[in-house]
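The structure appears below as structure tokens.
In mature numbering (1 follows the signal peptide of the UniProt record, and there is no 0), the protein residues as written are -21 to -1, 1 to 292.
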């Protein structure tokens, strides 16, 4: 035989016992509930035969800690009537309901968030320093077994001076609330820095750059490649000794610079003639620029084909 719903079973039990008129429900003025749901026994005194069966009647979700709910006597009457239950109702006109709460050790919450952030940054940084950016407000959660789970950070998220980690708090396996924890961050890794003061227009190389561990959250942009031999370009502005070299600080090096003495080639069949010339403008490979051949007063147009090299086609 299929099991009867709980409320139908309650009604049958009360009817079969002849106690329909004997159940006295007295509404409280206030109630403190422990579970996630409000029952009749939480908010009222239920007396009479089979009172325990009626006391488990579910009246809805309990409020979160710090909040309250209200059930009026009229609302309770409608609920009981809609379920075909017999009762005598007395007591207060309404009940104010709060959820039993518990405090917890906030250090556990911070530790979970810090570990998540440290793990995220440690993969690409030699050293990470974290400090909680603001004190946590007093937090309470429903009574029960508390568990913390830090949310993963977005893949590839670059370190910043201030970062936050969201932590979900569960009680008895059910989600209770989420908390965002802000951190002050310092993330270190090896960087190329100026070995001495470098002037604007200089070509930084392995003789003027050294490797030093530094905090990347203090940088204004991406750092230059760590291999000094891979650095290409001139400095757009001066760089003080010890300052990190950024990609944005480099002006891409031109194949030919204005005023530079360059090689000028002229091909005649299988024969290539080469002379010297002066570039009259900047140019990169593939561009055509005006050049003045050595000893000539006029100019010719030539194609840039390599560093300090142009060719007349």
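All C-beta atoms in this analysis are idealised placements derived from N, C-alpha and C, irrespective of residue type, glycine included. Bear in mind the structure is a predicted one, so any value in this text is a computation, not a measurement.
So, for residue -1: in the same chain, excluding its five sequence neighbours on each side, which residues have a beta-carbon less than 8 Å away from its beta-carbon? If you number the chain shown from 1, residue -1 lands on position 21. Below a pLDDT of 50, predicted positions are generally treated as unreliable, and residue -1, at 49, falls in that range; the measurement from the model is reported next regardless. Within the same chain, residue -1 has close Cβ partners 65 and 67.
Taking residue 246 as the reference, which of 289, 208 and 114 has the closest Cα? Here residue 246 refers to the residue found at position 267 of the chain shown. The residue with the shortest Cα to Cα distance from residue 246 is 289.
Whole angstroms are fine: how far does the CA of residue 38 sit from the CA of residue 48? Position 69 of the chain shown, counting from 1, holds the residue named residue 48. Position 59 of the chain shown, counting from 1, holds the residue named residue 38. Their Cα atoms are separated by approximately 11 Å.
Endpoints, the beta strand (DSSP E) within which residue 91 is located: What you label residue 91 is simply residue 112 of the chain shown in a count that begins at 1. Element bounds for residue 91: not the beta strand (DSSP E) but the alpha helix (DSSP H), 85 to 101.
Which same chain residues end up closer than 6 Å to residue 278 when comparing Cβ atoms and leaving out the 5 residues on each side of it in sequence? Locating residue 278 in the chain shown gives position 299, counting from the first residue. Within the same chain, residue 278 has close Cβ partners 269 and 271.
Three-state secondary structure (DSSP) at residue 251? As a working mapping, residue 251 is identified with position 272 in the chain shown. Three-state result, residue 251: strand.
Let me confirm a value: residue 32 is counted as buried when at least 16 other C-beta atoms fall within 10 Å, else exposed. Which label applies? The sequence position of residue 32 within the chain shown is 53, counting from 1. Under this definition residue 32 is a buried residue.
Counting C-beta neighbours from all protein chains within 10 Å, is the total for residue 244 16 or more, i.e. buried, or is it exposed? Taking the first residue of the chain shown as 1, we reach residue 244 at position 265. Buried.
What is the DSSP secondary structure of residue -2, reduced to helix, strand or coil? Working through the chain shown from its first residue, we reach residue -2 at position 20. Only weak support exists for where residue -2 lies, its pLDDT of 44 falling under 50; the coordinates are left without a value.
Give the single residue among 236, 128 and 250 whose Cα lies nearest to the Cα of residue 159. Here the question's residue 159 lines up with position 180 in the chain shown. When each option's Cα is compared against that of residue 159, the closest is 128.
Checking the sheet assignment: what are the DSSP bridge partners for residue 239? As a first step, residue 239 must be located in the chain shown, where it is residue number 260. According to DSSP, residue 239 bridges with nothing at all.
According to DSSP, is residue 65 part of a helix, a strand, or is it coil? Counted from its first residue, the chain shown places residue 65 at position 86. Residue 65 falls in the coil class under three-state DSSP.
By a C-beta neighbour count over all protein chains shown, 10 Å radius and 16 as the cutoff for buried, is residue 187 buried or exposed? Counting from one through the chain shown, the residue named residue 187 turns up at place 208. By the 10 Å Cβ count, residue 187 comes out buried.
For residue 235, is the classification buried or exposed, using 16 other Cβ atoms within 10 angstroms of its Cβ as the cut-off for buried? The sequence position of residue 235 within the chain shown is 256, counting from 1. Its Cβ being crowded by 16 or more others within 10 Å, residue 235 is buried.
Measure the alpha-carbon distance for residue 228 versus residue 215 and round it to whole angstroms. In the chain shown, the residue the question calls residue 228 occupies position 249. In the chain shown, the residue the question calls residue 215 occupies position 236. Near 6 Å, if we compare the C-alpha coordinates of residue 215 and residue 228.
Residue 37 (DSSP reduced to helix, strand or coil): Taking the first residue of the chain shown as position 1, residue 37 is located at position 58. Reduced to three states, the DSSP call for residue 37 is strand.
Straight-line Cα distance separating residue 142 from residue 107: For the purposes of this step, residue 107 is identified with residue 128 of the chain shown, where counting begins at 1. For the purposes of this step, residue 142 is identified with residue 163 of the chain shown, where counting begins at 1. About 13 Å.
Would DSSP call residue 71 helix, strand or coil? Locating residue 71 in the chain shown gives position 92, counting from the first residue. DSSP places residue 71 in coil when its eight states are reduced to three.
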